[in-house]
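Q: There's a structure below that I have some questions on.
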Amino acid sequence: MPDVLVVESPAKAKTINKYLGSGFTVLASFGHVRDLPPKDGSVRPEEDFAMDWEADDRGRKQVQAIAKALKGARHLYLATDPDREGEAISWHVKDMLARDGALKGVEVSRVTFNEITKRAVQHAIANPRQLDTPLIEAYLARRALDYLVGFSLSPVLWRKLPGSKSAGRVQSVALRLICEREAEIEAFKAREYWTVEGRFATPLGAPFLARLTHHEGRKLDQFDLNNEALANVAKRAVEAGQFSVGSVEKKRVRRNPPAPFTTSTLQQEASRKLGFGAQLTMRTAQQLYEGVEIGGETVGLITYMRTDGVSMAREAIMAIRDHVKGEFGPDYLPGAPREYTSKAKNAQEAHEAVRPTDVSRTPADVARYLSDQQRKLYELIWKRAVASQMQSAELDQTVAELIEPTGRTRMRATGSVIAFDGFLKLYREDRDDAPADDDDENRTLPPMREKDAVKTGDVTASQHFTQPPPRFSEASLVKRMEELGIGRPSTYASILQVLQDREYVTLDKRRFVPQDRGRLVTAFLVAYFERYVDTGFTAGLEEQLDEISDGKADWRAVMRAFWEAFSSAIDETKDLKISDVIDRLDEELGPHFFPVADDGKDPRACPSCGAGRLGLRLGRTGAFIGCSNYPECRYTRPLAVPGADGDATGPLADGIRELGEHPETGEKVTMRRGPYGIYVQLGEGGVDEKGKPTKPRRASLARNMDPEQMTLERALALLSMPRIVGMHPDTGEEITAHLGRFGPYITMGALSKSLDRDDDILSLGLNRAVALLADAKPRGITLGDHPADGEKVEVRRGRFGPFIMHNKRVANMPRGMEMEAITLAEAVTLLAEKGKDLPPMKGAKGKKAAPAKKAAAPKAEAAPKKAPAKKAAATKAPAAKKAAAKKPAAKKA
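Listed below in structure tokens is the structure:
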């Protein structure tokens, strides 16, 4: 019997199966096979943190398939992902198989590979190891911590702050960062300052710009010219001066290439350069790692994408250096390979950096095999890895000082020119903090020498205002969390998604905006659980978890120390009154909900009664703003801040926005707000041939679509749904994309699958559709033809479980039996023994209902033979007379 190898995903199983051949059976676990049940008692601190694990139907089914394949096999290789979660999945699979008695006489080994290539897989099989116990214990501690925090804090929120949804160990800290940044922005007071610039020309007439740095013999600070009058005085001093070159300083600086990607830097750069969310980045990277079909072979294009490491394998570095030398020339190759070290506070499970598995597969070579998202991300990873081994860029920087004879007024001109582009020839790193007008690399100064007289041209004084700190983008928030040491790169994507799913934050122009619900939760947690949403405490706990994974700490000892203090903090809130909570939050968030008005009026004055004071109130469904004179004054308003999102100031303030006209029919295409959300509409409807009104064609916007970004082209594409995505490369069946009541989805034959949050229904590619359908469950399975009439017998998935259907006859399947397990013969037997005919559909327009009533009439006439029926007939006699009295009217009509 062949040996058995278990991986996480079916796509990876398909790729590896080709590498290993007939001597192996490769199966997928489909991720985690079991988890902590979401109920109290799954983690029991009183029993030294004993944990209950529960497998779902899919997990049990996959483990049963593995157990079946192990019959007669000698070796089981657990080849799940090479990180903490992968180690945990292998442990779960082994434990479940052992409990089922499926491992008798079977040797179990753990193998890992950082890339899915034939060489890497075969090397891993030749060098197996045992499961890493410290890594598993770190997983257990992390799961127990997250469970206990969530299941202890969330109920406190529900009781003391109705309308709240959940709290989490790292999630709440990330939310606090977003809320505190918003508070900084609200409290920010802009300061005015002015700058003075002049245009000058050398004796040969070459122009350049210079900025005032010294005025009246003193070096200027940023706010020394803080009004127009002072700026104009300085401007006149520049205009009156006769300037010459005081000094010229030239120096050459080197700019080194950035390290290859880690998980967090990949998420940051994909957000900045490609506009990808963290979830989309990781999902696309997973596809590139697991492999894509290239020339009839499934090839893993990148190494494992969950890593803190910045180093690369020696053979990969040498291959990249050979490529650089051949493609760009020896001038672009440094004398020795570049070595990078991680700057992360707590490096976990060190792996290679994210890099291409084979540098010779250039983005241009593989582009035709990839979806648009895969192509963009692969190009980004490939260029970053190659650039990391290229020569430094060299820039010539020039600083010229201009002075007038008294020396009391001085100007400075700066320029920078790329002397050698080096790695910049291939890759430039984006920065969130780079100024919009940062163009130093292309700003040059003309040749000039000391004591050269320069001619003064136009002089301008420009007004500026200081800017508040920017809201966090996905990239900058991930960077900040990494700097603080909270969370881990593999968890960032899910943390950011949970904050959006809980409606604590929204993304506006790719920046996080905290919602009032999120600010209330943060204020509550800071007020009563400040230690547990403190970045320093959370980072310290992460360090302890890393020590567990290194075998330097006992996981139960860490849990005991945490739980003792945390449970005491929970107990202290038992007697907390909701009124006390509201008063404290009202004081804390008052500046946010009641900003000071420009006219000086009291922002808390009730606009209805005039005498009451507005404040935070709490109802069954959550918080709102209400008047203190309740119940005499019943004024209320939602928590929305005036001018915030949701007010009548957005793109659909009047309910309708015109996008353009249909290019063929000339009908107007509009975007509208309805009771169930925003939708696009074609025309205004009309009347049919019979004069009945017809509805216009409409299509709802998908959840991830930004109304502000809606264009005529996208609206027309929505209105033309469904659309054909393409033909499945294996089955040849047509894959179609649809918009349904519950969001976008795709279908292929009997299969259907909802799209993920980051998938765009309008640009979804064939590769992504195939990947989605790989995990889809069929709506129905055709078992064969019924022996009696030759009609199809099907198994279908219903609301209450699978059932068998033949024509209009149905039968429930035995409880616990899977759709795929039943045979045609068993289905025919069940239809005969337990089948029921479906009730007739109510007739269209009432035509089929009448015969059923007539057929019932003879039974009513036969009823008087029994005594009980006579009484019933007697009681109904008056109704019959009334009906008879109406007959003449009917004849007359």
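Our numbering applies: residue 385 is where the sequence shown begins, and numbers increase by one. In this text, a Cβ means the ideal position worked out from N, Cα and C, and glycines have one as well. Only a predicted model underlies this, so the values are computations on that prediction, with no experimental measurement involved.
#1: Assign Y577 to one of three DSSP states: helix, strand, or coil.
#2: Under 6 Å Cβ to Cβ from R428, same chain only, skipping five residues before and after it: list those, please.
#3: Does S631 come out as helix, strand or coil in the three-state DSSP assignment?
#4: Taking the alpha-carbon positions, what's the Y523 to T1166 distance?
#5: In angstroms, rounded to a whole number, what distance separates the CA positions of K573 and R602?
#6: Ignoring anything shorter than 4 residues, give me the alpha helix (DSSP H) runs that lie fully in the stretch 703 to 769, in order along the chain.
#7: Going by DSSP, what residues sit across from M689 in a beta bridge?
#8: DSSP three-state label for D530, please.
#9: Could you spell out where the beta strand (DSSP E) holding I450 opens and where it closes?
#10: Distance check for A551 and K936, CA to CA, integer angstroms please.
#11: From the DSSP output, read off the bridge partner residues of C993.
#12: Output the residue ranges of the beta strand (DSSP E) runs that lie fully inside the stretch 793 to 871 and measure 3 residues or longer, sorted by chain position.
#13: Using the DSSP secondary-structure output, state which residues sit across from E491 in a beta bridge.
#14: Please work out which residues of its chain come closer than 8 Å, Cβ to Cβ, to R418, disregarding the five sequence neighbours upstream and downstream, and give them in chain order.
#15: Starting from the N-terminal side, write out each stretch of the beta strand (DSSP E) that is 3 residues or longer and does not extend beyond the stretch 602 to 688.
#16: Is W578 near L609, with beta carbons less than 9 Å apart?
#17: Distance, Cα to Cα, H1112 vs Y753?
#18: Work out the CA separation of S1147 and E1118 for me, nearest whole Å.
#19: What does a CB cutoff of less than 6 Å around K396 pick up in its chain, not counting 5 residues either side in sequence?
#20: Quick check: the Cα distance between E785 and I562, rounded to an integer number of angstroms?
#21: Whole angstroms is fine: what's the gap from A1205's alpha carbon to P1186's?
#22: Which residues share a DSSP beta bridge with Y1063?
#23: How many Å lie between G1174 and V1194 at the Cα?
#24: Once DSSP output is grouped into helix, strand and coil, what is the label at N401?
#25: Grab me the residues of G799's own chain with a C-beta within less than 7 Å of its C-beta, minus the 5 sequence neighbours each way, in chain order.
#26: Where are the alpha helix (DSSP H) runs, 4 residues long or more, that stay fully inside the stretch 922 to 959, in chain order?
#27: Alpha carbon to alpha carbon, how far is V533 from Y724?
#28: What number of angstroms, rounded off, separates the C-alpha of L389 from the C-alpha of V683?
#29: By a C-beta neighbour count over all protein chains shown, 10 Å radius and 16 as the cutoff for buried, is M385 buried or exposed?
#30: Leaving aside the five residues before and after W766 along the sequence, list all residues of the same chain whose C-beta is less than 6 Å from its C-beta, in chain order.
#31: Does the structure place the stretch 637 to 651 close enough to the stretch 763 to 778 that three or more beta carbon pairs sit under 8 Å?
#32: According to DSSP, simplified to helix, strand and coil, what is A412?
#33: Between which two residues does the alpha helix (DSSP H) carrying D780 extend?
#34: C1011 by DSSP, collapsed to three states: which one?
#35: Would you check if the distance between the CB atom of L1043 and the CB atom of L1096 is smaller than 9 Å?
#36: Quick one: what's D1169 bridged to in DSSP?
A: Judging by the given coordinates:
#1: Position 193 of the sequence shown holds residue 577. Look at Y577 here: in three-state DSSP terms it is strand.
#2: As a first step, residue 428 is located in the sequence shown; it is residue number 44 there, counting from the start. Excluding residues within five positions, the ones whose Cβ falls inside 6 Å are A434.
#3: The residue labelled residue 631 in the question sits at position 247 within the sequence shown. Of the three classes helix, strand and coil, the one that applies to S631 here is strand, per DSSP.
#4: Here residue 523 corresponds to residue number 139 of the sequence shown, with the count starting at 1. Here residue 1166 corresponds to residue number 782 of the sequence shown, with the count starting at 1. Straight-line Cα distance between these residues: approximately 43 Å.
#5: The residue labelled residue 573 in the question sits at position 189 within the sequence shown. The residue labelled residue 602 in the question sits at position 218 within the sequence shown. Spanning the two alpha carbons is a distance of roughly 27 Å.
#6: 747 to 750
#7: Looking up residue 689 in the sequence shown gives position 305. Answer is none; M689 lacks a bridge partner.
#8: Start at 1 with the first residue of the sequence shown, and residue 530 comes out as number 146. Helix, per DSSP.
#9: Reading the sequence shown from its first residue, position 66 is the one you call residue 450. Where I450 is concerned, there is no enclosing beta strand (DSSP E), although the alpha helix (DSSP H) it sits in stretches over D441 to L454.
#10: Stepping through the sequence shown from its first residue, residue 936 is reached at position 552. Stepping through the sequence shown from its first residue, residue 551 is reached at position 167. Rounded to the nearest angstrom, the two C-alpha atoms are 29 Å apart.
#11: For the purposes of this step, residue 993 is identified with residue 609 of the sequence shown, where counting begins at 1. For C993, which the question treats as bridged, DSSP gives no partner whatsoever.
#12: 794 to 804 and 839 to 849
#13: If you number the sequence shown from 1, residue 491 lands on position 107. In the DSSP output, where bridge partners are listed per residue, E491 has H459.
#14: For the purposes of this step, residue 418 is taken as residue 34 along the sequence shown, with counting starting at 1. W437, E438, A439, D440, G443, H476 and M480, listed in sequence order.
#15: 628 to 639, 676 to 678 and 681 to 683
#16: Position 194 of the sequence shown, counting from 1, holds the residue named residue 578. Position 225 of the sequence shown, counting from 1, holds the residue named residue 609. Against a cut-off of 9 Å, the Cβ pair of L609 and W578 comes out as a contact.
#17: Here residue 1112 corresponds to residue number 728 of the sequence shown, with the count starting at 1. Here residue 753 corresponds to residue number 369 of the sequence shown, with the count starting at 1. Taking the straight line from one Cα to the other gives about 14 Å.
#18: The sequence position of residue 1118 within the sequence shown is 734, counting from 1. The sequence position of residue 1147 within the sequence shown is 763, counting from 1. Rounded to the nearest angstrom, the two C-alpha atoms are 17 Å apart.
#19: The residue labelled residue 396 in the question sits at position 12 within the sequence shown. If we look at K396 and ignore the five residues flanking it on each side, its Cβ neighbours are E674.
#20: Here residue 785 corresponds to residue number 401 of the sequence shown, with the count starting at 1. Here residue 562 corresponds to residue number 178 of the sequence shown, with the count starting at 1. Near 43 Å, if we compare the C-alpha coordinates of I562 and E785.
#21: Your numbering for residue 1205 matches position 821 in the sequence shown. Your numbering for residue 1186 matches position 802 in the sequence shown. A straight line joining the alpha-carbon of A1205 with that of P1186 spans about 11 Å.
#22: Here the question's residue 1063 lines up with position 679 in the sequence shown. Beta-bridge pairing links Y1063 to R1056 and S1084.
#23: Along the sequence shown, read from residue 1 onward, the residue named residue 1174 stands at position 790. Along the sequence shown, read from residue 1 onward, the residue named residue 1194 stands at position 810. Cα-Cα distance, rounded: 16 Å.
#24: For the purposes of this step, residue 401 is taken as residue 17 along the sequence shown, with counting starting at 1. Helix, per DSSP.
#25: Taking the first residue of the sequence shown as position 1, residue 799 is located at position 415. Same-chain partners within the cutoff: T782, R827, T828 and L829.
#26: 939 to 955
#27: For the purposes of this step, residue 533 is identified with residue 149 of the sequence shown, where counting begins at 1. For the purposes of this step, residue 724 is identified with residue 340 of the sequence shown, where counting begins at 1. Spanning the two alpha carbons is a distance of roughly 37 Å.
#28: By 1-based counting over the sequence shown, the position of residue 389 is 5. By 1-based counting over the sequence shown, the position of residue 683 is 299. Roughly 19 Å between the two C-alpha positions.
#29: For the purposes of this step, residue 385 is taken as residue 1 along the sequence shown, with counting starting at 1. M385 sits exposed, since fewer than 16 C-beta atoms from the chains shown fall within 10 Å of its C-beta.
#30: For the purposes of this step, residue 766 is taken as the residue at position 382 of the sequence shown. Only P740 and P747 meet the Cβ criterion.
#31: yes
#32: Start at 1 with the first residue of the sequence shown, and residue 412 comes out as number 28. Reduced to three states, the DSSP call for A412 is strand.
#33: Residue 780 sits at position 396 when you count from the first residue of the sequence shown. Looking at the DSSP string, D780 is not in any alpha helix (DSSP H); the run it does join, the beta strand (DSSP E), is A777 to I787.
#34: Reading the sequence shown from its first residue, position 627 is the one you call residue 1011. In this structure, C1011 counts as strand in the three-state DSSP scheme.
#35: As a position in the sequence shown, residue 1043 is number 659, starting the count at 1. As a position in the sequence shown, residue 1096 is number 712, starting the count at 1. Yes; because the gap between Cβ atoms is below 9 Å, this pair is in contact.
#36: Position 785 of the sequence shown, counting from 1, holds the residue named residue 1169. Answer is K1176, bridged to D1169.
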